[in-house]
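Protein chains in written order, with the working numbering: chain A, 769 to 1161; chain B, 769 to 1161.
Every residue, glycine too, gets a C-beta built ideally from N, C-alpha and C.
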């Protein structure tokens, strides 16, 4: 078991009607000037936007709308930083999914620095403090509501970077599973795939701890079962709640304290895909996952190969009841395909023309040569090429 | 799934040599005047006391030694409060097991109030702030290092009360599993029993969530396996570390977010036992556990009985591989007996002379009539009487 240094100070307020019950009281502890950040119009259509303005009617409200899925440094982060500095914002209220919150974190950190915001996002300049963040999270996916990181894209350079600082943990996260009742199906699916992958990145490592294994296997099993339930019954509260609960814990480390960390190779590969093509992150992850598993099974030897076999077999056995590593890999693929996720790159509009470019970009920027199973440029290219080929033939 | 409002701000610094590596840096964020609280001489014999003084040589150090197992309001809490007020203490460093830390929490809260310290401990007067707490926890048992509560005894009245306040979460907890290498065997066993029972109190409830179930079953399974390992190999680091990890998470709620809470009936019963007789808490819990299970299996009917059967069966099945509720109950008993815990009250020197008195005390003070399976005075007396009778005949 590895040493660890863990802290997640965020307060989670989870359940039905928690915004109505507790948002006003929570916001009282911060100052008067509130920046509300959000994405498209869904929070206006759902009535959440009006509800929040009503609850905060005593505050001085500023707004940053239009934050993109795969949030962009330019214009969103830059606009947010400008508003925070001009208006001397006391607290940022992020209303929306993980992209809105990721963008909000970058704004909160960069707004407290005189440095170029890009230098904050790239950690060239350290984040020393941040504007307090409260969020109302409306999508069960990234776990951004319970971690200290975010992913920011810069279109000009095809960069998709992870930004981390202990100062950008949300102070309070409001999580009401009923917000997910009316999500488009593909958003539910992509969110579940995102979370399953977060857990797999933590599960697949060289050491493992009995209770972590059980926790992660249980969480994936819960996601697999409950996503099928909500496809049948979109307003099944308990199923939506279990999904949101699993996703919330996805990225702050609680699933795997004391595990070694393997470098999150599937995320690294997918970040290049969605950085180059702007596809949905969770869908990209679902496509990459079984190909990465197959590659590490085939490309390893000796003791590392034994570890790989053990992990893939154990994962499949506990989640899907499979016996062999090959069955485990096929089972995760078939599960994703069965719930309706497109499972080749062609289906999401990506051909093979930029594979070498993406593989080089990943190899140069993501440090995967130091992952649990090291990946070099040719490994990454092989995995991406395999993502072109259907797995059920 | 129930609504929940969860926050645990404590920083966990876990692993080999963490005190040497990080205590000095951590203590720099607080002021100069440090009260060190501790129990008997074990931290002096182990060298930890000298190490801490060496690391804190620039600080102004005060000491409260001699804190009891089952820590006493009088003299320990009162002495600590007096020192904090007289010396204007900036931070309290608790060095020892859960009893030392529990006592430290009461001191930290009461020292910031003009109210009678007993009124703070009983929550008659609310705790509005507390002196910051850092701890070096040397026993894997109570989970006090990661929660906001403590148990305080007042000998004059046979009271054993739980004190809670969000202000008494430790700021930082140092957890080095190597400290447990040289523990007396019975302390290791009692700590494991304490943690298993913490988990069972959270597991046995009317609703359950797939990933919570898996997490809790995995943690108990880990404890069952790893305690057997350390009985053979007291210095097996990974086994000691897994035990400490499971116990640390025991009481802050992370095992069971969204579960309903059942009133911790086994703890309520055991608190009266150790309040009246000063036995080891974990041993008392081990004795009570299978009798409580048997009682709720026999005393319930209808839908509640079905729930009871499901929970007991599921617990035994996942942890011990048993099939029936009776086998599950026998398995937890036999596990405890097999590792060497005395499993009747006679073996720990308690006869039946005060059973009615204890049952009345519990029924009047613990609210178990509102537990998941409600317990009245006659139920509690029956359970305590059953604790007199050996279960393997």
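DSSP on residue 1109 of chain B, reduced to helix/strand/coil? Numbered from 1 along the second chain, position 341 holds the residue referred to as residue 1109 of chain B. Coil at residue 1109 of chain B, not helix or strand.
Does the distance from the C-beta atom of residue 906 of chain B to that of residue 947 of chain B stay below 7 Å? If you number the second chain from 1, residue 906 of chain B lands on position 138. If you number the second chain from 1, residue 947 of chain B lands on position 179. The answer is yes: Cβ separation under 7 Å.
Would you be able to state if there are at least three C-beta pairs under 8 Å between the segment 929-943 of chain A and the segment 977-986 of chain A? The answer is no - the segment 929-943 of chain A does not touch the segment 977-986 of chain A, with fewer than three Cβ pairs under 8 Å.
Can you tell me whether residue 925 of chain B is buried or exposed, with buried defined as 16 or more other CB within 10 angstroms of its CB? As a working note, residue 925 of chain B is residue 157 in the second chain. Exposed, since its Cβ has fewer than 16 Cβ neighbours within 10 Å.
Does the separation of the CB atoms of residue 936 of chain A and residue 921 of chain A fall below 7 Å? Within the first chain, the letter at position 168 stands for residue 936 of chain A. Within the first chain, the letter at position 153 stands for residue 921 of chain A. No, they are not a contact pair.
Between the C-alpha atoms of residue 832 of chain A and residue 876 of chain A, what's the straight-line distance to the nearest angstrom? Your numbering for residue 832 of chain A matches position 64 in the first chain. Your numbering for residue 876 of chain A matches position 108 in the first chain. If you take the alpha carbons of residue 832 of chain A and residue 876 of chain A, they lie about 13 Å apart.
Give me, in chain order, the residues of the same chain whose beta-carbon lies closer than 6 Å to that of residue 1019 of chain B; leave out the 5 immediate sequence neighbours on both sides. Within the second chain, residue 1019 of chain B is the residue found at index 251, counting from 1. Spatial neighbours of residue 1019 of chain B in its own chain (CB-CB distance under 6 Å, excluding positions within 5 residues in sequence) are listed in chain order as 911, 915 and 966.
Let me know if residue 712 of chain B comes out buried or exposed under the rule of 16 or more other beta-carbons within 10 Å of its beta-carbon. Because chain B is modelled from 769 through 1161, residue 712 of chain B falls outside the range shown and cannot be assessed.
Inspect the CB distances between the segment 824-839 of chain A and the segment 800-813 of chain A and report whether three or more fall short of 8 Å. Here the segment 824-839 of chain A makes contact with the segment 800-813 of chain A; the two share three or more CB pairs at distances below 8 Å.
Neighbourhood of residue 783 of chain B by C-beta distance below 8 Å, restricted to the same chain and skipping five residues each side: Within the second chain, residue 783 of chain B is the residue found at index 15, counting from 1. The answer, listed in chain order, is 943, 944, 945 and 1009.
Does the pairing of the segment 1054-1068 of chain B with the segment 1138-1157 of chain B give three or more beta-carbon distances under 8 Å? As far as the Cβ criterion goes, the segment 1054-1068 of chain B touches the segment 1138-1157 of chain B, which means the pair count is three or higher.
Is the beta carbon of residue 839 of chain B closer than 7 Å to that of residue 870 of chain B? As a working mapping, residue 870 of chain B is identified with position 102 in the second chain. As a working mapping, residue 839 of chain B is identified with position 71 in the second chain. Yes.
Taking C-alpha atoms, which residue in A:989, A:872 and A:868 lies nearest to residue 1090 of chain A? For the purposes of this step, residue 1090 of chain A is taken as the residue at position 322 of the first chain. For residue 1090 of chain A, the nearest C-alpha among the options comes from A:989.
Would a check of beta-carbon distances place residue 999 of chain B closer than 7 Å to chain A? For the purposes of this step, residue 999 of chain B is identified with residue 231 of the second chain, where counting begins at 1. Not an interface residue.
Give me the chain A residues within the contact set of residue 779 of chain B, using Cβ-Cβ distance strictly less than 9 Å, ordered along the chain. Numbered from 1 along the second chain, position 11 holds the residue referred to as residue 779 of chain B. Neighbourhood of residue 779 of chain B in chain A, by CB distance below 9 Å: 773, 774, 775 and 777, in chain order.
If we count Cβ pairs, one from each stretch, closer than 8 Å, do we get three or more for the segment 847-864 of chain A versus the segment 879-888 of chain A? Taking 8 Å as the limit for Cβ pairs, the verdict is that the segment 879-888 of chain A does touch the segment 847-864 of chain A.
Is the beta carbon of residue 1042 of chain B closer than 7 Å to that of residue 1049 of chain B? Walking along the second chain from the start, residue 1049 of chain B turns up at place 281. Walking along the second chain from the start, residue 1042 of chain B turns up at place 274. For residue 1049 of chain B and residue 1042 of chain B, yes; Cβs fall inside 7 Å.
Measure from the alpha carbon of residue 993 of chain B to the alpha carbon of each residue in B:1126, B:1125, B:1087 and B:1113, then state which is nearest. As a working mapping, residue 993 of chain B is identified with position 225 in the second chain. Ranking the options by Cα distance to residue 993 of chain B, first place goes to B:1087.
For residue 773 of chain B, list the residues DSSP reports as bridge partners. Mapped onto the second chain, residue 773 of chain B falls at position 5. Answer is A:781, bridged to residue 773 of chain B.
Integer Cβ distance of residue 860 of chain B from residue 901 of chain B, believed to fall under 8 Å: Taking the second chain and counting its residues from 1, one reaches residue 860 of chain B at position 92. Taking the second chain and counting its residues from 1, one reaches residue 901 of chain B at position 133. Confirmed, Cβ separation roughly 5 Å.
Pair within 7 Å by beta-carbon distance, residue 940 of chain A and residue 779 of chain A: Against the first chain, residue 940 of chain A aligns to sequence position 172. Against the first chain, residue 779 of chain A aligns to sequence position 11. Residue 940 of chain A is a Cβ neighbour of residue 779 of chain A, given a cutoff of 7 Å.
Who pairs with residue 830 of chain A in a beta bridge, going by DSSP? As a first step, residue 830 of chain A must be located in the first chain, where it is residue number 62. Answer is A:803.
From the DSSP output, in three-state form, read off residue 941 of chain A for me. Position 173 of the first chain, counting from 1, holds the residue named residue 941 of chain A. In the three-state scheme derived from DSSP, where H, G and I count as helix and E and B as strand, residue 941 of chain A is classed as strand.
Going straight from the alpha carbon of residue 772 of chain A to that of residue 1129 of chain B, what length do you get? Start at 1 with the first residue of the first chain, and residue 772 of chain A comes out as number 4. Start at 1 with the first residue of the second chain, and residue 1129 of chain B comes out as number 361. One C-alpha to the other measures close to 43 Å.
Can you give me the start and stop residues for the beta strand (DSSP E) that residue 922 of chain B sits inside? As a working mapping, residue 922 of chain B is identified with position 154 in the second chain. Looking at the DSSP string, the run of the beta strand (DSSP E) that includes residue 922 of chain B is 917-922.
With a threshold of 7 Å between beta-carbons, can residue 944 of chain B be considered close to chain A, or not? Translated into the one-based positions of the second chain, residue 944 of chain B becomes position 176. Chain A contact via Cβ: absent.
If the cut is a Cβ gap below 8 Å, which residues of chain B does residue 981 of chain A touch? Here residue 981 of chain A is taken as the residue at index 213 of the first chain, counted from 1. By Cβ distance, chain B contributes 986.
Classify residue 933 of chain A as helix, strand or coil using the three-state DSSP reduction. By one-based count along the first chain, residue 933 of chain A stands at place 165. Three-state result, residue 933 of chain A: coil.
Between residue 888 of chain B and residue 1040 of chain B, what straight-line distance do the alpha-carbon atoms span, to the nearest angstrom? Position 120 of the second chain, counted from the start, is the residue given in the question as residue 888 of chain B. Position 272 of the second chain, counted from the start, is the residue given in the question as residue 1040 of chain B. A direct Cα-to-Cα measurement between residue 888 of chain B and residue 1040 of chain B gives close to 21 Å.
Note down the Cα distance separating residue 1030 of chain B from residue 1024 of chain B, rounded to an integer number of angstroms. By 1-based counting over the second chain, the position of residue 1030 of chain B is 262. By 1-based counting over the second chain, the position of residue 1024 of chain B is 256. Rounded to whole angstroms, residue 1030 of chain B and residue 1024 of chain B show a C-alpha spacing of 11 Å.
Interface partners of residue 830 of chain B on chain A, CB under 9 Å: To locate residue 830 of chain B, count along the second chain from 1; it is residue 62. Residues of chain A with a Cβ closer than 9 Å to the Cβ of residue 830 of chain B do not exist; the shortest Cβ-Cβ separation is about 27 Å.
Chain B residues whose Cβ lies nearer than 9 Å to that of residue 783 of chain A: Translated into positions along the first chain, residue 783 of chain A becomes position 15. Neighbours of residue 783 of chain A in chain B, taken as residues whose beta carbon is under 9 Å from its own, are 769, 770, 771, 772, 773 and 1026 in chain order.
If residue 908 of chain A sits next to residue 959 of chain A, beta carbons under 8 Å apart, how far is it from one beta carbon to the other, in whole angstroms? Residue mapping note: residue 908 of chain A aligns to position 140 of the first chain, counting from 1. Residue mapping note: residue 959 of chain A aligns to position 191 of the first chain, counting from 1. 5 Å between Cβ atoms; contact.
Considering only DSSP beta bridges, list what residue 928 of chain A is partnered with. To locate residue 928 of chain A, count along the first chain from 1; it is residue 160. For residue 928 of chain A, which the question treats as bridged, DSSP gives the partners A:921.
Buried versus exposed, by CB contacts within 10 Å (16 or more), residue 809 of chain B: Numbered from 1 along the second chain, position 41 holds the residue referred to as residue 809 of chain B. Under this definition residue 809 of chain B is an exposed residue.
At the level of alpha carbons, what is the spacing between residue 789 of chain B and residue 776 of chain B? Working through the second chain from its first residue, we reach residue 789 of chain B at position 21. Working through the second chain from its first residue, we reach residue 776 of chain B at position 8. Looking at the two C-alpha atoms, the distance is approximately 24 Å.
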